[in-house]
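Asker:
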Amino acid sequence: LCCECGQAHPLLDNHLYNFQDEVDDELICHICLQPLLQPMDTPCGHTYCFKCLENFMQEYSFCPMDRKKLSFQQCHKSSLLVRNLLDKLIVLCPFKAECQQTMQRCELEAHLQNRCPGFKKYKSELQQKRNPISRGKEDPPARGETNTPKDPEVPSGSSSLVAESSGAAVVSLGTAEPGLVNPAFEETEEGENLPHRTSLVAETTTIEIHREDPEEELGMRIVGGKDTPLGNIVVQEVLRDSVIAADGRIAPGDHILEVNGVNISSVTHCQAVSFLRHPGPVLHLMVLQEKGFSSRTAQQDPSSTNREVIHVTLVKRDRSEPLGIKLIRKTDEAGIFILDLLEGGLAAKNGKLSRNDRVLSINGQDLRQGTPEAAAQIIQTTESRVNFVILRQPGVQLGEPMEDGSTFNSSSSSSSNGGSPVHHRRRPDQNHYRRKSSYQKKTVAIKKEPKESLGITIGGGRDNKNKLPIYVTSVQPIGCLFRDGRIKRGDVLLSINGIDLTHLNYYEAVSALKSNAASHSVTLKALEIVSLNSPEPSLDIREQGFSWSPLWITWLGLPSYLHFCQDVVLSKGNLESWGFSIVGGFEESKGNQPFFIKTIVPGTPAFRDRKLKCGDEIVAVNGVPAIGMSNSELIPMLKEQRNRVTLTVVSWPGSLV
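Quick look at the structure:
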C-alpha cells in the first residue's frame with residue numbers, strides 16, 4: 001500500500017482518495033476523471049493533474065480538451081487558491097474497519113503515519129510477514145521485501161546504506177576522480193556547514209516479478225554497465241501498462257544488482273540486457289533504491305566482538321595529495337566505512353586497507369560516531385602521516401574485493417567505476433569506463449526497378465521523445481537493399497539522393513524515402529555504429545521486425561553533430577541541493593569521458609522537475625562546455641549556482657528489456 005494515500009496503485013500513477021462528498025466538476029481532471037492532484041494550467045485555459053498531463057504529453061503534442069498545439073514546458077502550476085481548495089477537500093480514511101475519521105486531503109499522509117490504528121496494524125502485519133522473528137522494531141513500509149541484517153559490516157543482499165549529508169553516500173577524499181554532485185549538503189547563506197541535518201538513505205530490496213507469458217518483456221529501459229562511466233545498471237524508465245509498472249515496486253533510478261541470483265553490478269551493458277531479457281515465468285531482482293533524505297538519529301556503537309583492530313599509516317608526499325579512499329555511512333551502525341579504494345591511489349598502492357573496514361580513528365581523533373566529512377577534514381589538513389585505526393571482520397582478505405560487492409555498489413556512490421569493486425592489483429590494461437566506440441560512413445548506390453521498394457522499416461525522427469536520428473529497424477527480404485546487403489539493421493540514415501534526413505521527423509523521413517524510391521537509382525548515405533568491446537547480444541527473440549530498437553550503448557557512439565541537445569533549467573532554495581549525482585569527466589589514465597547523471601534523489605529539485613533522467617549526458621553548465629573538465633572542476637561549478645542552473649543535456653533512450 002502507498003504510505004501517502006494508504007491505497008494500492010502503480011508507483012507512477014496518482015494517489016487514490018475516498019472523498020466524502022461529490023467533488024465539483026471544475027476541480028476534476030479530464031484525463032483521469034478524478035479530483036486534481038498537483039494541478040497544472042495550460043495556456044488554453046484547461047487544468048490537469050501534473051502526472052496525467054506529463055504522461056499525455058510524452059505521446060502527444062496537443063491539449064486533450066481542445067487539441068490545440070501544446071508543450072509541457074508551456075504549462076505552469078495552478079494558482080495557490082486552486083491548490084488550497086483541492087487540498088481542503090474532505091476524504092475518508094481508507095482503513096474503514098479500524099478508523100472512521102475524516103480529514104482534509106492534505107492531512108491524510110500525516111494521519112496515516114502518526115495516528116491511524118488501521119495503518120499501524122497494516123505496517124505491523126507487513127513487518128511480521130517480512131521478518132517472522134520480530135526484533136520489536138517497526139520499519140516504514142518499503143517498495144519490496146527489505147531485510148536489514150543485524151551486522152551491517154558483513155556484505156548482504158539486504159543492506160541499507162545511509163550517506164551523511166555532506167557526502168551523499170560517499171566522500172572522495174580530495175581526489176579528482178569522478179564523483180558525486182553532493183545532493184545532500186549545501187552551505188547556508190552565511191556559509192555555515194550543516195552536516196548533521198539529513199542523511200541520504202538507500203536500501204537493497206529483493207523483488208519477485210511474475211509473468212503469465214514467460215516471453216513478455218518486462219517493460220523498462222536500462223542504462224549503465226561496467227563498460228560505461230555509470231558502472232552499475234540503472235533503471236531509466238518504466239513503461240506504462242508493462243509488467244514492471246503493474247508490479248509497482250521498481251522505479252526510475254533504481255540500480256539492479258542481481259538477476260535470478262546472478263550479480264550484474266559489474267557486467268557490461270550488453271551482458272545485463274541478455275540477463276534481463278531471458279524469458280521465464282518468475283524473475284528475482286535485487287535492486288538498490290534511493291529513499292531520499294531522512295533525519296539522522298542517534299546510533300548505538302555495536303560490539304566489536306570477533307573483529308580485528310588494525311593500525312595502518314599512509315604517508316602523503318604533500319598536504320594536497322589524495323589518499324584515494326571513499327567512505328560511507330550505514331543505516332543501522334554508527335561510524336564510517338570504507339566503500340572503495342581508487343585504482344592507483346595511495347591507499348590502494350599501500351594495500352593494507354580493505355573495502356568494508358570500519359574507521360575507528362584517524363590521527364588519534366575518535367570517529368566511532370563520526371561522519372565522512374569529519375574524516376575528510378582530518379585527512380585534508382594532515383601534512384604527511386595519516387594514522388588509521390580500523391575494525392575488520394575476520395576472514396576479509398587485504399586488498400581483495402568481497403565476493404558479493406553488491407551491497408556497497410550504492411546508487412549514491414561517487415566511485416570512479418560507478419561502484420564496481422576496485423582492486424589495487426588490477427591489470428593496467430583493464431579499462432571499464434571508456435567505451436571504445438567508432439562509426440563508419442558508407443555510401444550505397446544501387447540500380448533498381450521503378451516499382452521495386454527499398455524494403456526497409458525505420459524508427460526515430462526529431463519529433464520522437466528522445467529526438468533520435470532516423471535509423472533502420474529492419475531490412476525486409478523483398479527489397480533492393482536486402483539484395484544489396486550493405487544497409488543493416490541499426491544503421492543511421494544520413495541522406496537519400498542528396499536529401500538530408502538528419503533533421504527530419506519520422507513522417508517527413510518516410511515521405512522522403514518513398515518519393516526517392518521511385519527512381520531508377522538510389523544513393524543512400526548511412527552511418528554504421530561499431531562498438532569495439534560490446535557487441536549486441538544475440539537474444540533478439542522479442543525484438544523481431546518493427547519493434548526493434550538499438551541498445552542505449554549504441555547511441556553513445558554517435559558523432560556529436562547527430563546529438564540533439566536540450567536545456568534543462570533547475571531552480572532551488574538556498575538550503576536545498578540540486579539532487580543528482582554525476583560520474584565521468586577527464587582523468588589522466590582514461591582521457592576525456594562524458595559526464596553522466598547517475599542518481600536522481602527523490603524529493604529534490606531534479607526529481608520534481610522530471611526532465612532529467614538517469615543516463616543523460618551533461619554537455620554544458622550555464623553554457624560552459626563540460627568536455628575536457630575533470631570531476632573536481634565541474635562539481636564546484638554546479639555548487640556555485642545558488643538558486644538556478646541551466647544544464648545542457650543529451651538524452652538517449654535506455655535499452656528495452
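Per the UniProt record's numbering, the very first residue in the sequence shown carries number 1; after that it's consecutive.
Note that CB positions come from ideal geometry on N, CA and C, so glycine has one too.
Because the structure is a prediction, the values reported are computed rather than measured.
Taking buried to mean at least 16 other C-beta atoms within 10 Å of its own C-beta, is V624 buried or exposed?
Answerer: Exposed: under 16 other Cβ atoms inside 10 Å.
Asker: Using the C-alpha atoms, what's the distance from Q289 back to K330?
Answerer: When rounded, the distance between both Cα atoms is 14 angstroms.
Asker: Which residues mark the beginning and the end of the beta strand (DSSP E) in which V649 is found?
Answerer: Its beta strand (DSSP E) spans residues R644 to V650.
Asker: Would you kindly work out how many angstroms separate the C-alpha atoms of R319 and N363, rounded to a whole number?
Answerer: Rounded to whole angstroms, R319 to N363 spans 14 angstroms at the Cα level.
Asker: Just confirm the distance between the C-beta atoms of G225 and I553, as a whole number of angstroms; I'd bet it's less than 8 angstroms.
Answerer: That belief holds up - the Cβ atoms of G225 and I553 are roughly 7 angstroms apart, short of 8 angstroms.
Asker: What did DSSP end up calling residue 659 once you bin it into helix, strand or coil?
Answerer: This structure cannot speak to residue 659, because the chain is shown only from 1 to 657.
Asker: Would you kindly work out how many angstroms separate the C-alpha atoms of L558 and G118, rounded to a whole number?
Answerer: Answer to the nearest angstrom: the Cα atoms are 55 angstroms apart.
Asker: Nearest CA to the CA of F482: which residue from D13, V444 and R211?
Answerer: Nearest C-alpha to F482: V444.
Asker: So what's E237 in DSSP terms, helix, strand or just coil?
Answerer: Looking at E237 - three-state DSSP - the assignment turns out to be strand.
Asker: Could you check if Y48 is buried or exposed, using at least 16 other CB atoms within 10 Å of its CB as the buried criterion?
Answerer: By the 10 Å Cβ count, Y48 comes out buried.
Asker: Report the three-state DSSP secondary structure of I470 (helix, strand or coil).
Answerer: I470: strand per DSSP, three-state reduction.
Asker: Report the option in S519, L81 and E59 whose CA atom is closest to the CA atom of S71.
Answerer: Comparing Cα positions, the closest option is E59.
Asker: I'd like to know if the stretch 641 to 655 and the stretch 604 to 620 are in contact, where contact means that at least 3 CB-CB pairs between them fall below 8 angstroms.
Answerer: Judged by Cβ distances under 8 angstroms, the stretch 641 to 655 makes contact with the stretch 604 to 620, as three or more pairs qualify.
Asker: Pairs of beta-carbons, one from the stretch 594 to 607 and one from the stretch 567 to 584, closer than 8 angstroms: are there three or more?
Answerer: Segments in contact, yes.
Asker: Sorted by chain position, which residues of the same chain lie with C-beta nearer than 7 angstroms to R385's C-beta, five sequence neighbours on each side aside?
Answerer: Counting only Cβ-Cβ distances below 7 angstroms, and skipping sequence neighbours, we find T313 and V315.
Asker: In terms of residues, what are the limits of the alpha helix (DSSP H) holding A246?
Answerer: Note, A246: alpha helix (DSSP H), V243 to D247.
Asker: Kindly indicate which three-state DSSP category Q440 falls into: helix, strand or coil?
Answerer: If DSSP states are grouped into helix, strand and coil, Q440 belongs with the strands.
Asker: For the stretch 475 to 495 against the stretch 520 to 528, do three or more pairs of beta-carbon atoms, one drawn from each stretch, fall closer than 8 angstroms, so that the two count as touching?
Answerer: Taking 8 angstroms as the limit for Cβ pairs, the verdict is that the stretch 520 to 528 does touch the stretch 475 to 495.
Asker: Round the Cβ separation of I456 and L501 to the nearest angstrom and send it over; I've been treating them as touching at under 8 angstroms.
Answerer: Actually they do not touch by this definition, with Cβ atoms about 12 angstroms apart.
Asker: Shortest alpha-carbon distance to G6 belongs to which of V82, M65 and P94?
Answerer: Considering only alpha carbons, the answer is P94.
Asker: Give me the residue from D87, L108, L80 and K121 with the minimum Cα distance to E98.
Answerer: Nearest option by C-alpha distance: K121.
Asker: Could you tell me which residues DSSP pairs with V492 in its beta bridges?
Answerer: Paired residues: Y471 and L527.
Asker: Please determine, among L1, E22 and L89, the residue with the shortest C-alpha to C-alpha distance to G248.
Answerer: Comparing Cα-Cα distances from G248 to each of L1, E22 and L89, the minimum goes to L1.
Asker: May I ask you to report which of helix, strand or coil DSSP gives I250?
Answerer: In this structure, I250 counts as coil in the three-state DSSP scheme.
Asker: Here's a check: name, in chain order, each residue in its chain whose Cβ is nearer than 7 angstroms to the Cβ of L638, leaving out the five neighbours to either side.
Answerer: Taken in chain order, the residues that qualify are V181, W578, V621 and V645.
Asker: Kindly indicate which three-state DSSP category P128 falls into: helix, strand or coil?
Answerer: Note that residue 128 is Gln in the sequence shown, not Pro. Helix, per DSSP.
Asker: Between the C-alpha atoms of A606 and E617, what's the straight-line distance to the nearest angstrom?
Answerer: When rounded, the distance between both Cα atoms is 14 angstroms.
Asker: Using a Cβ-Cβ cut-off of 6 angstroms (strictly less than) and excluding sequence neighbours within five positions of N55, which residues of its own chain qualify?
Answerer: Counting only Cβ-Cβ distances below 6 angstroms, and skipping sequence neighbours, we find nothing.
Asker: I need the DSSP call for E290, collapsed to helix, strand or coil.
Answerer: Three-state DSSP puts E290 in a strand.
Asker: Tell me whether Q544 sits in a helix, a strand or coil according to DSSP, three-state version.
Answerer: Unreliable positioning characterises Q544 in this predicted model, as indicated by a pLDDT of 40, which lies under 50. The coordinate reading is nonetheless provided below. Looking at Q544 - three-state DSSP - the assignment turns out to be coil, as it is neither helix nor strand.
Asker: I'd like the span of the alpha helix (DSSP H) that includes L631, first residue to last.
Answerer: Reading off the sequence shown, one finds Asn at residue 631, where the question assumed Leu. Note, N631: alpha helix (DSSP H), N631 to E640.
Asker: Whole-angstrom Cβ separation of S265 and L276, contact assumed at under 8 angstroms?
Answerer: S265 to L276, Cβ: 13 angstroms. No contact.
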